[in-house]
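Right, one structure below, let's go through it.
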Amino acid sequence: MHLERREYVADLFRSRFGTEPQLWARAPGRVDLMGSHTDYNLGYVLTLPISRDTWIAARKNDTRNIQLHAANLNEDDSFSLDGIEKTSAKKWSNYIRGVAKVLQSEGLRTDGFDAVIHSTVPLESGLSSSAALECATAVVLRDLGGWDMAAKVMATFCQRAENEFVGVNCGILDQYSSCLGQRECALLLDCRDLTTRAVHIAEGVCVAICNTMSPRRLSGSE
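Counting along the sequence shown from 1, when you hit position 184 you're at 1599 in this note's numbering, and nothing is skipped either side.
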């Protein structure tokens, strides 16, 4: 399945940009097992990264422009790194723009690139599709820029992108889960000081995520 998905995304990249992707980035969605809404109240959260994830296939284009194709939406967008502004036309692009702008504000190198984005995280489902997009974007910019960063710091920068640029006052839960999640483990996160420890999920335990058919829009909630 992964090979089929990789080839599908690579084919899209070739058809859009006429070359092969240079690098791949992945970030998972998440579900909170315990502690909903306690992250922005400085409490404890038990969170679990899930198998649904966001992939970005990218290649540096030697310009100051970022060119994007969102495969799930069949939409394109582009913007310049020299003067990043919010867009109302392609709102999904704001998560990428916000990450680039925050990283620039920290003095980190950002390079133009071409990218195809593909996600299996359902949109507006409470499974952190936006955080997965932000964290995968940060990985692309890190690898193309040639700098390094602790995953905990990357999570806080991605949260800032959503808070300050997108305008969603989310807590750290989503980005932290996406950046620091471990296979077959939940994360116990103390939101006072952002310390965490892995909690192994016993063999045979299955976490079921149910679809309530009610879209979740964090940007519209108090």
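The beta-carbon is built from N, C-alpha and C at its ideal position, and this holds for glycine as well.
Remember, predicted model here, so these are calculated numbers, not experimental data.
**Prompt:** Nearest-angstrom Cα distance between residue 1529 and residue 1622?
**Reply:** 36 Å
**Prompt:** Thinking just about the alpha-carbon of each residue, which of 1568, 1438, 1600 and 1439 is nearest to the one in residue 1464?
**Reply:** 1600
**Asked** Are residue 1492 and residue 1508 close, meaning C-beta to C-beta below 8 Å?
**Response** yes
**Asked** Is the Cβ-Cβ distance between residue 1472 and residue 1428 less than 8 Å?
**Response** With a cutoff of 8 Å on beta-carbon distance, residue 1472 and residue 1428 are scored as near each other.
**Prompt:** So what does DSSP say about residue 1485, is it helix, strand or coil?
**Reply:** Strand at residue 1485.
**Message:** Here's the rule I'm using: 16 or more other beta-carbon atoms within 10 Å means buried, otherwise exposed. How should residue 1546 be labelled?
**Reply:** buried
**Item:** CA nearest to the CA of residue 1449, picked from 1617, 1609 and 1604
**Value:** 1604
**Request:** Run the CB neighbour count on residue 1534, radius 10 Å, all protein chains shown included, and call it buried at 16 or more, exposed below.
**Result:** buried
**Message:** I believe residue 1445 touches residue 1596 by the beta-carbon criterion, under 8 Å. Please report the beta-carbon distance rounded to the nearest angstrom.
**Reply:** 7 Å
**Item:** Spatial distance of residue 1469 from residue 1488 (CA atoms)
**Value:** Roughly 13 Å between the two C-alpha positions.
**Asked** Just to confirm, are residue 1691 and residue 1498 a CB contact at a threshold of 8 Å?
**Response** Within the shown structure, residues of the chain are numbered from 1416 to 1637, placing residue 1691 beyond reach of any answer.
**Message:** Less than 8 Å between the C-beta atoms of residue 1567 and residue 1602, yes or no?
**Reply:** no
**Message:** Is the beta carbon of residue 1513 closer than 8 Å to that of residue 1442?
**Reply:** no
**Prompt:** How is the beta strand (DSSP E) around residue 1602 delimited, first residue to last?
**Reply:** 1600 to 1605
**Message:** Taking the alpha carbon of residue 1516 as the reference point, which residue from 1457, 1581 and 1439 has its own alpha carbon closest?
**Reply:** If we check each option's Cα against that of residue 1516, 1581 comes out closest.
**Message:** Classify residue 1675: buried if its beta carbon has 16 or more other beta carbons within 10 angstroms, exposed otherwise.
**Reply:** This structure gives no information on residue 1675, because the portion of the chain shown stretches from 1416 to 1637.
**Item:** Endpoints, alpha helix (DSSP H) assigned at residue 1549
**Value:** Unbroken alpha helix (DSSP H) run through residue 1549: 1544 to 1560.
**Asked** Do residue 1511 and residue 1462 have their C-beta atoms closer together than 8 Å?
**Response** no
**Asked** Just the Cα atoms here: how many angstroms apart are residue 1477 and residue 1440?
**Response** 19 Å
**Request:** Kindly identify the DSSP beta-bridge partner or partners of residue 1439.
**Result:** Under DSSP, residue 1439 forms a beta bridge with 1472.
**Request:** Using the Cα positions of residue 1432 and residue 1578, report the straight-line distance between them to the nearest angstrom.
**Result:** 32 Å
**Prompt:** On the premise that residue 1467 lies in contact with residue 1554, defined as a C-beta separation below 8 Å, what is that separation, rounded to the nearest angstrom?
**Reply:** Not quite, the Cβ-Cβ distance comes to about 17 Å (not below 8 Å), so this is no contact.
**Request:** May I ask which residues mark the beginning and end of the alpha helix (DSSP H) holding residue 1571?
**Result:** Residues 1566 to 1575.
**Asked** What residue from 1460, 1438 and 1425 has the CA that sits closest to residue 1614's CA?
**Response** 1460
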